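Below is one structure; the comments refer to it alone.
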Amino acid sequence: MSELRTVPERIAGPATFLDDRLGAGGFARRNLRKIFPDHWSFLLGEIALYSFVILLLTGTFLTFWFKPSMGEIVYDGTYAPLKGVTMSEAYASSLKISFEVRGGLLIRQIHHWAALIFIGGMMAHALRVFFTGAYRKPRELNWIIGVVILSVALFEGLTGYSLPDDLLSGAGLRVTQGVVIGLPVVGTYLNFFLFGSEYPGEDVISRFYSIHILLLPGLILALVTAHLILMWVQKHTQFPGKGRTNRNVVGAPFYPAFMAKSGAFFLFTFAVIAGLGTFAQINPVWLYGPYSPADISAGSQPDFYLAFLEGALRIMPAWELNIFGTSQAGTIPLSVVIPALVPLGIIVVGMALYPFLERWITGDHREHHLADRPRDNPHRTSIGMAAIAFYGVLWLFGGNDIISANFRVSLYTTTWAGRILVFVAPVLAYAITYRICLGLQRSDVAVLTHGVESGVIKRLPDGRYVEVHSRPAEDIEAHLRGREPVPVLPYDEAVPPKGMRGPIGRLRLRMSRAYGGEKIPIANGGPHGENGQAALPAGASPDALPEDRALTR
Amino acid sequence: MTDNEHETGRPDGRPEGRPERRTPARVIGTPSTEAPLSGTPLSGTPMSGRPGAADEGPDFKGPVFEDPDFPAVPGVAGVVPQDERTARRAERIAALCFLLAFAALVAFLVTYVRLQTGGLSATGASHVALGGTLTLALLALASGIVIWVRQIMPKYELVQRRHPMASPEDVRAEVAATFVRGAGESGIGRHRLLRRTLLLAAAPLGLAPLVLLRDLDTTGVPAAQLHRKLRHTVWGERTRDGKPLRLVVEGTGQPIRAADFNSPGGILSVVPQGYEHDLNVLAKATVILVKFRPEELKAGTNRNWTHDGIVAYSKICTHVGCPAALYEQTTHHILCPCHQSTFDAADGARVVFGPAARPLPQLPVGVDEEGYLVARGDFAAPVGPSYWERGDAEARARENGGHL
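So the sequence lines, in the order shown, correspond to chains A and B. According to my numbering, the stretch in the first sequence is residues 1 to 553, in order. According to my numbering, the stretch in the second sequence is residues 1001 to 1404, in order.
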């Protein structure tokens, strides 16, 4: 096999053609060898990106057969149990895709699985970014774009699974309608504008269809593009380590390594989703039957990403206000409005504002390109875990009937457990996470100051036995020493600065001092074997014992 | 060569002249100093200058880039080529993967043509065969590429500088000056009338698309009157010959003779006769019938609206509108499977538990001359989920002399 010495003619030709017209050479020169740092957690966003690509491809395929119509027809397809049943064209065409189009069921299931993995991937990616502080300056805008993509994707999912018009999707649509109409002041109008008439009307499927296949995917595509461009321009963050600073990027070049790896990762993602679509049945619409607002099946559940809203609806007590009494206005169904708006609002607004709140509290206006390790900012990590606990409780109790049925607990007990846990679990998660973070910081400091257990027991001249500790491997040490204290606002007990004297200023200062600072200082010092002396003779290479590294890996 | 991580601080490439533990034998893809990376792909000049770059052998000390974007940094490995033997073995494995992918894709095409859809089992076979071959092909392709990247391509640990995102001060100043100059030239600041009329014109332009959405509501009712439609159901209407609507069984459409409905403990889902397939009607007017022994009924239930112990409640949950379809015989509890609101059917369907705030409205029932169950009027309060204009409809009905 011969090595390539010059650019082959069939690449040079088109490349020259393009460069003559676009001047793309400068861009290519700067970017072909762009460096991408490597860490498994940096791949979570890629999972979401590739799932989105798969969604676009499979979704386009599905549109070729799907009929977004609520017009009623009598089913006459190959699925015998529903022959002769009156149903909407949307449901009939979903059955046709599943049973009569070759590969239709496969693509439909891939589409549904990809939707779950798209949103799950985004959630995991957002958590990675949050816990490593990668949303900090200069990446706040990209963080907000990400939050918007995630929020839009929830509605994209909702409009998508309402389309087949089976009994389950109709139940979801009914709940959506019940929430929409309950919104104060505007609810009734929104209901009629969305459904065209009273629920269910004849329009909602076709309206959801254009929202689902055009409006929201177009929006997501534009935002994803912006997200990637910003990531490209600002360069990816990296974890601290040997040779890695806030001023550089260490990793593999885009061409050829990163490009090929990303291609392979796309294929892996696709393979996993295709495998799920083949072997793991999802949303078997033919079993549910056509939608009727008079029918429901027990155990109806939304897709996982909306289960937290479902859980909030389920554990909410029955509060309703009639602020103007018997007059025809003023009904606020708190048991609908609060669960529909508050958890989503807390999570989305909290995510969007967090970078700015953190900057306000820490007074940190520097650029950050080194990712934090979650333990290194214990309060942030605890807040994140509290949010996960809050979300997780709501998510879990979206299945309170399933829990009760499977564990033979009274439904009311389960629901009450949810009502209590939704407040208690975040507090517990906060406290526990905070202690774990400090514990991990201490263990890091112990590795730095005390060394790593070598497994070698040494007998001292006076007869004592000690275990020899060796210096941690350089890369580990650099990684651990990469921690820097969370910044704190400068303060002066005697004369507080102007703007810190009012109640808000004092609160800001107190929060800053609680949030920031170094909880467990990194002390200097080497490993010691006995009597505080260096365990290893001077000059001996710390890497002489490669198994030491294995201990710390 | 067991450590395949491209990441943090690899132990090789140590600072200060310590001997390299892993000495790269060959450097692929490292542009030599004579042929910097810049511009090469387009001009067709050599990409990797000297072939000898591969043979720099033990003297190699990390990256040899002159390119300012890739400064040599102590402790960073640079481009570490793979062992030739590993690479040759990896090539065979990757090729095997690609062949497997080829075979699977051919099988996919054959399956598509050969296996037709039809009955459940035929469709299932086609589905599994298509999906299985596609999954296998994707998996094999991905694996082959990963083996290529990890065992044939060199291991990279290159360094690129970051630059602060902010533009230099002089650039900012220049942009600011340009902006001010342009604004001055445009005259938007000086010509107040121009500015104000332009803003004036823009406001309705922004409103126009919103106005266009008004006909999303196809009822043709003035917006302020929309909520009135929510208050009534078809139960208040009469048949063409002026008789009250019969209650018929959902699904079969059978009218119900009161004397025949004699199953204390069970519930029946019931719809208005003539509207059995009108989903818009069913979404509001579906009713559940429960038969009680007289002593079981409590004060919450309006006995005047029952017939011989038969009570009718709206099936549409007052929480968010799911059909409250589950019934527990021993406790007379009606349960909505969506969010588990629980209602006591013996006591006016008052809320026992769950997020619903109001009882299921009761429908006044009676019998016609043939003994079939009919509705004696509409619900006294709107059915289904709450909305802003609903108000306290139960209290309103009581004030107006009704009973709830």
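From the three backbone atoms N, C-alpha and C, an ideal C-beta is built for every residue, glycine too. Since we're looking at a predicted model, the values are computed, not measured.
Looking at the secondary structure, which residues open and close the beta strand (DSSP E) in which residue i lies?
i, result
"B/R1161", "1155–1161"
"A/N248", "248–253"
"B/V1352", "1350–1353"
"A/H469", "465–470"
"B/E1328", "1326–1328"
"B/H1333", "1333–1335"
"A/P503", "Looking at the DSSP string, A/P503 is not in any beta strand (DSSP E); the run it does join, the alpha helix (DSSP H), is 503–515."
"B/K1284", "That residue, B/K1284, is in no beta strand (DSSP E); its alpha helix (DSSP H) goes 1279–1285."
"B/L1297", "Counting along the chain, B/L1297 falls outside any beta strand (DSSP E), and DSSP gives it neither H nor E."
"B/G1078", "1078–1080"
"B/F1343", "1342–1344"
Quick one: measure Cβ to Cβ for residue i and residue j, integer angstroms, because I've assumed they're closer than 8 Å.
i, j, result
"A/N322", "B/G1236", "The pair is not a contact, with the Cβ atoms about 23 Å apart (cut-off 8 Å)."
"A/Q441", "A/R375", "6 Å"
"A/I361", "A/R508", "6 Å"
"A/T63", "A/H111", "Wrong, their Cβ atoms sit about 11 Å apart, outside the cutoff."
"A/L173", "A/V204", "7 Å"
"B/A1285", "B/P1272", "5 Å"
"B/K1229", "A/E198", "6 Å"
"A/N246", "A/H369", "5 Å"
What are the start and end residues of the alpha helix (DSSP H) that includes residue i?
i, result
"B/H1227", "1226–1231"
"A/R373", "Segment: none, A/R373 is in no alpha helix (DSSP H) and carries neither H nor E."
"B/G1366", "No alpha helix (DSSP H) holds B/G1366; the beta strand (DSSP E) holding it covers 1365–1367."
"A/K104", "Per the sequence presented here, residue 104 of chain A reads as Gly, with Lys not at that position. Per DSSP, A/G104 belongs to the alpha helix (DSSP H) from 104–131."
"B/L1212", "1192–1212"
"B/P1272", "No alpha helix (DSSP H) holds B/P1272; the beta strand (DSSP E) holding it covers 1267–1272."
"A/D20", "9–22"
"A/I476", "474–481"
Run down chain A in chain order and give the residues with a C-beta less than 7 Å from the C-beta of residue i.
i, result
"B/V1146", "A264"
"B/Q1082", "Near B/Q1082 there are no residues of chain A at all, since even the closest Cβ is about 12 Å away, more than 7 Å."
"B/A1094", "Neighbours of B/A1094 on chain A: none; closest Cβ ~11 Å, over 7 Å."
Which residues in chain B sit within 8 Å of residue i, going by Cβ to Cβ distance?
i, result
"A/M316", "P1355"
"A/D166", "What A/D166 touches in chain B: nothing, since even the nearest Cβ is about 14 Å away."
"A/R102", "Y1112, L1115, Q1116, T1117, S1126, L1130"
"A/A329", "W1388, E1389, G1391"
Please compile the residues from chain A whose C-beta is within a distance smaller than 8 Å of the C-beta of residue i.
i, result
"B/P1164", "E367"
"B/E1399", "T326"
"B/V1271", "A294"
In chain B, which residues lie with their C-beta within 7 Å of the C-beta of residue i?
i, result
"A/W319", "A1357"
"A/G275", "T1135"
"A/F356", "Neighbours of A/F356 on chain B: none; closest Cβ ~17 Å, over 7 Å."
"A/I144", "What A/I144 touches in chain B: nothing, since even the nearest Cβ is about 16 Å away."
Give the interface partners of residue i over in chain A, defined as CB-CB distance under 9 Å, in chain order.
i, result
"B/P1337", "A171, I296, S297, A298, G299, S300, D401"
"B/R1161", "R247, N248, V249"
Residues of chain B with CB closer than 9 Å to the CB of residue i, please, in chain order.
i, result
"A/I181", "L1230, V1320, G1321, G1384, P1385, S1386, Y1387, W1388"
"A/G559", "Lying before the first or after the last residue shown, residue 559 of chain A is absent from chain A, which here runs from 1 to 553."
"A/S197", "D1217, T1218, T1219, K1229, N1280"
Just to check, is the beta-carbon of residue i closer than 6 Å to a non-hydrogen atom of the ligand PLP?
i, result
"B/A1107", "No copy of the ligand PLP appears in this structure; indeed no ligand is present at all."
Are the region 110–119 of chain A and the region 294–305 of chain A in contact at 8 Å, needing three or more beta carbon pairs? yes
Taking contact to mean 3 or more Cβ pairs, one atom from each stretch, closer than 8 Å, check whether the region 386–401 of chain A and the region 144–161 of chain A are in contact. no
State whether the region 1371–1378 of chain B contacts the region 1338–1356 of chain B, with contact taken as three or more CB pairs (one from each stretch) at a distance under 8 Å. no
Curious, which full-length alpha helix (DSSP H) runs of at least 4 residues does the region 397–456 of chain A contain? 400–407, 411–450
Between the region 1144–1159 of chain B and the region 118–131 of chain A, can you find at least three pairs of beta-carbon atoms closer than 8 Å? no
Where are the beta strand (DSSP E) runs, 3 residues long or more, that stay fully inside the region 41–101 of chain A, in chain order? 72–74, 86–88
Examine the Cβ distances between the region 1312–1329 of chain B and the region 1361–1370 of chain B and report whether three or more of them are shorter than 8 Å. Touching, yes.
Jot down the residue ranges of each uninterrupted alpha helix (DSSP H) in the region 153–191 of chain A, minimum 4 residues, whole runs only, in chain order. 167–182
At which residue ranges does the region 1088–1173 of chain B contain complete alpha helix (DSSP H) runs of 4 or more residues, listed in the order of the chain? 1120–1151
Taking contact to mean at least 3 C-beta pairs separated by less than 8 Å, is the region 1105–1112 of chain B in contact with the region 1122–1141 of chain B? yes
Count the C-beta pairs between the region 15–31 of chain A and the region 127–144 of chain A that are closer than 8 Å, then say yes if the count reaches three, no if not. They do not touch, by the three-pair rule.
Which runs of the alpha helix (DSSP H) at least 4 residues long sit entirely within the region 267–346 of chain A? Give them in chain order. 285–288, 307–315
Three CB pairs or more closer than 8 Å across the region 9–21 of chain A and the region 206–225 of chain A: No contact exists between the region 9–21 of chain A and the region 206–225 of chain A.
Using 8 Å as the threshold, is the region 272–288 of chain A in touch with the region 1183–1198 of chain B, meaning 3 or more CB pairs across them? no
Quick check for students: name the residue ranges of the alpha helix (DSSP H) that lie wholly in the region 202–240 of chain A, counting only runs of 4 or more. Runs of the alpha helix (DSSP H) inside the region 202–240 of chain A: 204–210, 216–234.
Taking contact to mean at least 3 C-beta pairs separated by less than 8 Å, is the region 1244–1259 of chain B in contact with the region 1318–1325 of chain B? no
Taking contact to mean 3 or more Cβ pairs, one atom from each stretch, closer than 8 Å, check whether the region 339–357 of chain A and the region 481–489 of chain A are in contact. Here the region 339–357 of chain A makes no contact with the region 481–489 of chain A; the two share fewer than three CB pairs at distances below 8 Å.
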